[in-house]
Amino acid sequence: MGKGRLVVFLLFSYLWLVSAFHVCDPERYNQMGLDMSKFAFCDKSLPFNMRAKDLVDSMTLVEKALQLGNQAGGVPRLGLPLYEWWSEALHGVSKTGPGVFFNNTVPGATNFPIVLLSTASFNETLWKTIGQVVSTEARAMHNLGMAGLTFWSPNVNVIRDPRWGRIQETPGEDPYTVGRYAVNFVRGLQDVEGHMTADDPNSRPLKVSSCCKHYTAYDVDNWNGVDRFHFDAQVTERDMVETFLRPFEMCVKEGDVNSVMCSFNKINGIPSCADPKLLSQTIRGDWGLHGSSDNKLNGVQEEQVASAMKAGLDMDCGVYYQNWTVASVEKGKMRETDIDKALINNYVTLLRLGYFDGAPGYDSLGKDDVCSKDHIEIAREAARQGIVLLKNDNVLPLSPAKFDKIALVGPHANATDAMTGNYAGIPCNSVSPLMAISGIVKSVDYEVGCQDVSCNNDTMLFPAMEAARKADATIIFVGIDNDYESEGHDRYGLHLPGYQTQLINQVAIASSGPVVMVMMCAGGIDISFAQNNPNIHAIVWAGYPGEQGGPAIADVLFGDYNPGGRLPITWYKANYTDAVPMTSMQLRPNDELGYPGRTYKFFNGSTVYPFGYGLSYTQFSYNLVSAKQSLLVKLGRLQHCHDDLDYVPDVFMPPCRSVLVDDMKCEDVVDMEVQVSNTGPRDGSDVVMVYSRPPTHILGMPQKQVIGFQRVFVRAGETETVKFSLNACKSFGVVDKAAYLVLPSGTHTIEVGSGSADGSFTIPFSVDLQKEFV
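Everything in the sequence shown is counted per our numbering, starting at 13 for the first residue and increasing by one.
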């Protein structure tokens with residue numbers, strides 16, 4: 013290629029970074045001195061898979077290898093520019109990863125609350141809306157050359173241990189809730205209106221490409237010398253099916269996610285990124301992934317590159333594939349056709365995104381579609397909906413007229429950066445609690461109390477105490493931040509750092525008026541001391557609430573918004589970490605070893621606050637309108653009773669103990685209507701949680717498991733009806749010790765309630781399995 017041609021190509025390789033751009037633009041090819049008609053991959057009349065195959069078939073082996081990293085090198089002679097696959101959008105377009113940057117044109121993007129706090133809203137509509145806003149801003153930034161089209165979000169790992177640093181990125185400890193978050197957020201990111209489904213899923217257009225990560229059993233980053241790249245997670249097949257795989261299955265089957273990222277760790281001795289059972293057999297074969305898989309390889313050469321490629325890993329977030337693939341083929345470790353399959357998957361994705369042909373519905377988006385007033389208001393609403401009221405001795409909400417002078421103390425009282433969490437971009441406009449509250453009350457006395465969350469000395473405690481003594485009310489903002497919990501930073505304990513506990517207790521004693529404590533953190537902290545302290549009248553969990561965290565917290569504290577969030581994780585007592593090594597993957601308790609189990613489904617000890625907990629400024633009551641309370645299943649000649657369940661000794665065992673869910677049509681639905689009445693003085697939202705409890709005579713079962721939830725707004729004195737349609741197989745099925753999903757016979761229990769437990773009730777649900785042919 014001549015020097016002039018190379019300069020022109022490099023110019024047009026760069027254009028994707030500075031303007032709305034698509035590869036198969038005839039004028040672009042003309043200016044490059046190439047005839048676009050010679051390239052079938054630019055023929056819009058052909059299906060995407062044929063176009064992708066033509067593009068890949070047109071490349072040499074060396075050229076193919078250069079496209080296998082996150083920075084695909086492009087092929088100048090084909091007019092194919094470089095493409096950066098790595099962009100992030102966990103809770104807003106993120107500056108993490110090389111695919112996104114900000115400048116004077118777009119100096120920031122809307123920063124939503126961390127995922128865990130948004131999950132606490134238990135509002136599926138909100139989760140999808142956040143995804144839609146994020147994808148709109150992502151598309152706008154792509155048009156301006158400031159972002160890619162492939163975003164490696166969301167993180168849908170189930171939280172197994174409170175010490176994991178990446179808790180803030182995930183939707184909590186319940187596999188069903190995590191899965192529902194994944195489905196809604198992915199649909200918000202990816203779905204193009206009018207194209208929610210397609211006869212050929214690989215032809216369905218995408219707004220942006222989403223990626224569910226990290227697949228799977230990943231929740232150790234760096235703990236006691238064990239890091240994620242070397243950790244070998246020992247997981248039973250039962251726990252894999254019941255807990256770790258379920259959100260990813262929902263993400264693929266129901267969310268139709270375009271990509272799945274394998275995890276960094278090994279699972280039972282096999283690297284997850286080189287496990288054909290996980291990648292090819294499960295994701296593609298069993299679940300039907302329409303897209304690609306990716307992650308970063310570590311310390312590998314020809315043999316390992318071949319293993320990962322043949323297992324089904326389509327892309328390396330790095331350069332190992334690019335550096336070692338050619339040698340791996342030449343040494344006979346793998347075939348070139350293995351590379352072809354991976355690249356076809358990747359280029360079908362870009363074709364679906366309009367990267368080659370443009371996307372008329374989105375090409376007009378620009379800088380005015382980023383950080384819009386509406387988007388910022390949604391960020392504020394998301395924070396309000398997620399905030400959880402943990403304690404209230406009739407103090408909240410505060411009245412600005414009654415409390416003229418407020419003392420704000422603590423290391424998070426003027427937080428901005430800490431509110432944005434990790435995997436964040438540059439916020440449009442961060443508003444701290446101090447800034448927000450200063451605009452509400454007549455006088456604010458701000459004392460930091462601790463220089464930062466480490467709170468390594470007590471020299472600033474006295475001014476904070478003095479401020480509290482002179483104020484009508486005191487609000488203490490405490491917690492941790494990314495230095496304590498984030499990627500690469502696992503925790504070792506569940507206490508507040510440094511002198512924070514002393515700060516809280518001494519300020520509470522000194523205060524002349526009521527004391528409210530606001531917690532900024534993701535993983536739970538043992539605040540039993542505050543929970544039981546009569547001088548601390550209210551406690552609020554605000555997570556890391558995003559750029560509008562200050563106004564959202566103020567809305568809750570001063571009564572402009574009635575909190576309705578519920579904890580998506582269990583808050584354990586500090587001694588939990590003494591009983592459970594972080595590296596133990598076991599979920600079920602072991603009384604002989606003093607092992608208490610994990611998550612609300614299996615933990616058998618006392619908690620600071622349980623999963624699903626949350627209070628309101630009003631009261632709700634429930635009334636069951638209707639519900640089916642029994643299910644008769646007649647098994648055909650090809651359906652067999654399955655007896656691999658452990659029962660309580662000497663208990664009556666039904667003739668047919670269970671049936672494999674895979675052998676059923678699973679069309680039976682339990683319809684249930686619940687009236688939710690607001691019997692208190694304020695309008696508010698309640699989260700109606702529905703759990704199932706397996707028959708008590710079966711051993712080794714979860715104590716209960718979430719099978720449905722809805723957030724409902726009810727005006728004071730009024731009643732709303734909430735309807736649930738529960739699929740019998742999904743809602744009452746359990747995983748037996750052999751990892752089969754089965755529907756057991758016997759009396760199950762449906763529990764309906766809320767975090768405050770007002771009006772909660774249970775109803776029995778009988779499953780009768782009858783074998784017609786003996």
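By construction, the Cβ of each residue, glycine as well, lies at the ideal position given by its N, Cα and C atoms.
query, result
"Just reading off the alpha helix (DSSP H) that Ala419 is part of, what are its end residues?", "From DSSP, Ala419 is part of no alpha helix (DSSP H) but of the beta strand (DSSP E) over 417-421."
"Is it buried or exposed, Met208, if we count other Cβ atoms within 10 angstroms and call 16 or more buried?", "exposed"
"Do Cys285 and Val198 have their C-beta atoms within less than 8 Å of each other?", "no"
"For a quick check, are the C-beta atoms of Gln641 and Ile775 less than 8 Å apart?", "yes"
"For Leu813, which residues in the same chain have their Cβ closer than 8 Å to its Cβ, ignoring the five residues on either side in sequence?", "Residue 813 is absent from the model: the chain starts at 13 and stops at 786."
"Distance check for Asn169 and Ser743, CA to CA, integer angstroms please.", "21 Å"
"Work out the CA separation of Asn690 and Asn404 for me, nearest whole Å.", "18 Å"
"Cα-Cα, which of His154, Asn358, Phe134 is closest to Thr117?", "His154"
"Please state if the CB of Asn167 and the CB of Glu7 are separated by a distance shorter than 8 Å.", "Since the displayed the chain opens at 13 and closes at 786, residue 7 lies outside it and no answer follows."
"Which class does Trp176 belong to by DSSP, given the choice of helix, strand or coil?", "coil"
"Mind checking Pro706: buried by the 16 CB within 10 Å criterion, or exposed?", "buried"
"Just to check my reading of the structure: Val592 and Val568 have Cβ atoms closer than 8 Å, yes? What is that Cβ distance to the nearest angstrom?", "That pair is no contact at about 33 Å."
"Any idea what DSSP makes of Ile548, helix, strand or coil?", "coil"
"What three-state label does DSSP hand Glu784 in the structure shown?", "coil"
"Looking at the unbroken beta strand (DSSP E) that takes in Pro412, where does it start and where does it end?", "That residue, Pro412, is in no beta strand (DSSP E); it is neither H nor E in DSSP."
"Does Phe474 come out as helix, strand or coil in the three-state DSSP assignment?", "helix"
"Alpha carbon to alpha carbon, what distance is there between Cys741 and Pro439?", "44 Å"
"Between which residues of its own chain and Ile388 is the CB-CB distance below 8 Å, once the five residues before and five after are set aside?", "Thr122, Cys440, Asn441, Glu559, Gln560"
"Who are the near neighbours of Ala354 in its chain, counting only those whose CB is closer than 6 Å to its CB and skipping five residues on each side?", "Asp326"
"Would Leu257 and Gly626 be called neighbours here (beta carbons separated by less than 8 Å)?", "no"
"Ignoring anything shorter than 4 residues, give me the alpha helix (DSSP H) runs that lie fully in the region 123-184, in order along the chain.", "127-131, 136-155"
"What does the alpha-carbon distance come out to for the pair Phe124 and Tyr496?", "21 Å"
"What is the C-beta distance between Val35 and Tyr367, in whole angstroms, given that I count them as a contact (C-beta under 8 Å)?", "6 Å"
"Counting only the same chain and skipping the five closest in sequence on each side, list residues whose C-beta sits under 7 Å from that of Val673.", "Cys741, Gly745, Leu753, Val754, Leu755"
"For Phe21, which of helix, strand or coil comes out of DSSP?", "With a pLDDT of 34 at Phe21, under the threshold of 50, the predicted position of this residue should be treated as unreliable, and no value is reported."
"Could you give the distance in angstroms between the alpha-carbon of Leu128 and the alpha-carbon of Ala564?", "16 Å"
"Within a Cβ cutoff of 6 Å, which residues of the same chain sit near Thr131, ignoring the five residues on either side of it in sequence?", "Pro183, Gly184, Tyr193, Pro580"
"On the premise that Asn547 lies in contact with Val527, defined as a C-beta separation below 8 Å, what is that separation, rounded to the nearest angstrom?", "6 Å"
"State the Cα-Cα distance for the pair Gly324 and Ser292, rounded to the nearest angstrom.", "5 Å"
"I'd like to know whether the C-beta atoms of Val465 and Ser540 end up nearer to each other than 8 Å.", "no"
"Who are Tyr588's beta bridge partners in DSSP?", "BP columns for Tyr588 are empty, so no partner."
"Could you round the C-beta distance between Ser697 and Phe725 to whole angstroms and report it? I think they count as a contact, below 8 Å.", "5 Å"
"Using 8 Å as the cut-off, can you tell me whether the region 77-87 makes contact with the region 95-109, which would need three or more C-beta pairs spanning the two stretches below that distance?", "yes"
"Strictly by DSSP, which residues pair up with Ala485?", "Ile418"
"Out of Val663, Pro38, Thr589, Phe632, which has the shortest C-alpha to C-alpha gap to Tyr504?", "Thr589"
"Within the same chain, show all residues whose beta-carbon is closer than 7 Å to that of Ala534, passing over the 5 residues directly before and after it, in chain order.", "Ile126, Leu128, Ile179, Gln180, Glu497, Gly555, Tyr556"
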